[in-house]
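Engineer: Just so we're aligned: the sequence shown equals residues 488 to 628 in our numbering. Beta carbons are placed, not taken as given, at the ideal position from N, Cα and C, and that holds for glycine. Fair warning: this is a prediction, and the values are worked out from it, not measured in the lab.
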Amino acid sequence: MKINTTDEILELYGVDFKDVKGYEGLTDANKEIYKTFIVNLYNAWGSESRETLVPMGIYWVEHNEHLTKEDPEDEGYLIIGSTIYSIDKEGNKVLHRKWISEGSEDSPILETDKSEYLRFEYKHRGRKEWLHVIKDGKEWY
488 MKINTTDEIL
498 ELYGVDFKDV
508 KGYEGLTDAN
518 KEIYKTFIVN
528 LYNAWGSESR
538 ETLVPMGIYW
548 VEHNEHLTKE
558 DPEDEGYLII
568 GSTIYSIDKE
578 GNKVLHRKWI
588 SEGSEDSPIL
598 ETDKSEYLRF
608 EYKHRGRKEW
618 LHVIKDGKEW
628 Y
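(1) Is the stretch 583 to 600 touching the stretch 562 to 574 in the sense that three or more CB pairs, one from each, lie closer than 8 Å?
(2) Would you kindly work out how many angstroms separate the C-alpha atoms of LEU497 and LYS601, rounded to a whole number?
(3) Using the Cβ count rule (16 or more neighbours within 10 Å means buried), how would you classify GLY509?
(4) Alpha carbon to alpha carbon, how far is PHE607 from SER536?
(5) Inspect the beta-carbon positions of LEU605 and ILE520 and report whether they are closer than 8 Å.
(6) Cβ of VAL502 within 8 Å of Cβ of ILE545?
(7) What would DSSP say about GLY544, mapped onto helix, strand or coil?
(8) DSSP on PHE524, reduced to helix/strand/coil?
(9) Do you know offhand how far ILE587's Cα is from MET488's?
(10) For HIS619, which beta-bridge partners are listed by DSSP?
(11) Based on the DSSP secondary-structure assignment, which residues constitute the bridge partners of GLU552?
(12) Looking at the structure shown, is ILE496 part of a helix, part of a strand, or coil, going by DSSP?
(13) Give the straight-line distance between the Cα atoms of GLU552 and PRO542, rounded to the nearest whole angstrom.
(14) So, helix, strand or coil for GLU577, using DSSP?
Pasting the structure below:
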């Protein structure tokens, strides 16, 4: 069954797409992208999967991947950690997630690869997962 609107998601699955952490902090443009995305996401999954989908959060984030090298002569970098900040519609940043690889705590950060995207967090079949939402809500990974 094809879903056409967020109202149908609410009627069929009892999910109010706006009732998630971070929604009120989104810009109007990001709210529209999220609205497009959530309908597309439900349409990409079968009805059994849809029933187990529980939206948990939607955030505009700045994702900083921290890079180092084992050997300064190496061409490539290694990702040793990541810091993710959620950014609200006023531009305020709040630490959202942070990790560092075990054993890399004392490694120097030589580069930081920064990206921004819409981050959708959810539970699916009881497991916490998240997605990058791209291309105006028409694609994700």
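Structural biologist: Reading it off the structure:
(1) The stretch 562 to 574 is in contact with the stretch 583 to 600.
(2) If I take the Cα positions, the gap works out to 35 Å.
(3) That one is buried.
(4) Each residue's Cα considered, the two are about 17 Å apart.
(5) Here LEU605 is near ILE520, since their CB atoms are less than 8 Å apart.
(6) Inclusion of VAL502 and ILE545 in the CB contact set at 8 Å is not warranted, their separation being larger than that value.
(7) GLY544: strand per DSSP, three-state reduction.
(8) In the structure shown, the three-state DSSP call for PHE524 is helix.
(9) Rounded to the nearest angstrom, the two C-alpha atoms are 43 Å apart.
(10) Per DSSP, the beta-bridge partners of HIS619 are ARG606.
(11) In the DSSP assignment, GLU552 is bridged to SER569 and ASP600.
(12) DSSP places ILE496 in helix when its eight states are reduced to three.
(13) Going by the C-alpha atoms only, they are around 25 Å apart.
(14) Residue state, collapsed to three classes: coil.
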